[in-house]
Amino acid sequence: MQEIVSEQDLDQLYDIYKNSMYKHPLLNPYQIYARQNIRRVRFMMIDDDSYTYFNTRERYFIKISTAILPIVTSKDYEQTIAKFLQIVKKKMELISLLHVPTRKEVKLEAFKGMPKREFKYIIVDKEWKESYSTKRYVNIAKKKGVKVSDTFNYETYKEYYNNCYLNTLETKEKTEFESGYKFYNYLHEKGMLRATFAYLDDKVISGVFIIHDEESKIGYYTDAGSSNEGRELGANYLLLNDQINYFRDKNYILDLGGVQPGKNKKWDNIFAFKKKWGKEIDLPLVMVNNLVYKLLSLIGKAD
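Each residue of the sequence shown is one higher than the last, beginning at 15 in the numbering used here.
The structure is reproduced here in structure tokens:
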């Protein structure tokens, strides 16, 4: 079974993506291809016209995989889901199914009776109105002379990485500089990245990265970071405000990402910041109740 995306696969996969009912930048094959630079990704062709992929890791010798759904398919969706579940229920690994928000309502009927975990997203759409608190921080940044640029290149990303990314890192899963640059530069060359950087006296103090595509008309908040000075000056507010207005003018929805509430305090704090900008939606994390899940549940380790 195919487990990586090669460059010669991309045209065929892109045709499937364009004809799929569900679209999101994370499901775009060019994004999946680029992501292989920064994460352990396992690709799955379910049949000739359907695919998905998994983010994978290991814990205590147990393989843990998260499939990114909805499945991209040009065929009947319910039949494709049924085939997919038949495959994953036989795998000897702990598997969760993470649905990303799309413009069409995601159907969850196929997962009836399967264990679920709460998972919330923040979405910014045309109904968004800037709050007093966010406007206040945006104005502070402007008054302090913070400037916004959407020019992406090697040197700018390097300065952002050293000043902001490493300073904001909230996870042990660090992306190395060269790998991160390859990921973002590939998407930049494909017209799928808008990166904005905040400058103070010609120094990068904050950055926000949005990946997007015309097929979905969705922008996905994939990364952000600030120096201590950038946070104090509200540079992150200024950048996110700029990104929201840019994509709203293009009639895009912004997906600011999601979280399992209460799972990690640091991620809860980041989610609280994002809540200032949009509305919450619920898309539960579905657990595949295969043999591994059942065994881990018996000892209280399935989460």
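Ideal placement from N, C-alpha and C gives every residue a C-beta, glycine not left out.
According to the DSSP assignment, tyrosine 260 belongs to no beta strand (DSSP E) but to the alpha helix (DSSP H) extending over 249-263. Annotation for threonine 94: no beta strand (DSSP E) segment contains it, though the alpha helix (DSSP H) segment containing it runs 91-102. Nearest Cα to lysine 264 within the set Val273, Lys293, Glu229, Lys289: Glu229. In the three-state scheme derived from DSSP, where H, G and I count as helix and E and B as strand, asparagine 304 is classed as coil. Residue range 146-157 is occupied by the alpha helix (DSSP H) that includes valine 152. In this structure, the beta-carbon distance from valine 86 to serine 110 does not fall below 8 Å. Residue range 64-73 is occupied by the beta strand (DSSP E) that includes tyrosine 65.
Around the beta carbon of leucine 268, 16 or more other beta carbons lie within 10 angstroms, which makes this residue buried.
Here aspartate 227 is buried. Its C-beta has 16 or more other C-beta atoms within 10 Å. In the DSSP assignment, isoleucine 267 falls outside any alpha helix (DSSP H) and lies within the beta strand (DSSP E) extending over 267-273. CA-to-CA, the gap between leucine 299 and lysine 280 works out to about 19 Å. For leucine 83, the pairing in a beta bridge is given by DSSP as His113. Beyond the five residues adjoining it in sequence on each side, serine 147 comes within less than 7 Å, by CB distance, of Lys290 in the same chain, given in chain order. By the criterion of at least three beta-carbon pairs nearer than 8 Å, the region 98-118 is in contact with the region 292-308.
Note that the C-beta distance between methionine 301 and lysine 130 is below 8 Å. Per the C-alpha coordinates, the member of Arg56, Asn51, Asp62 positioned closest to tyrosine 31 is Asp62. For glutamate 294, the enclosing beta strand (DSSP E) stretches over residues 293-296. With a cut-off of 8 Å on Cβ pairs, the region 241-253 is not in contact with the region 101-110, counting fewer than three such pairs.
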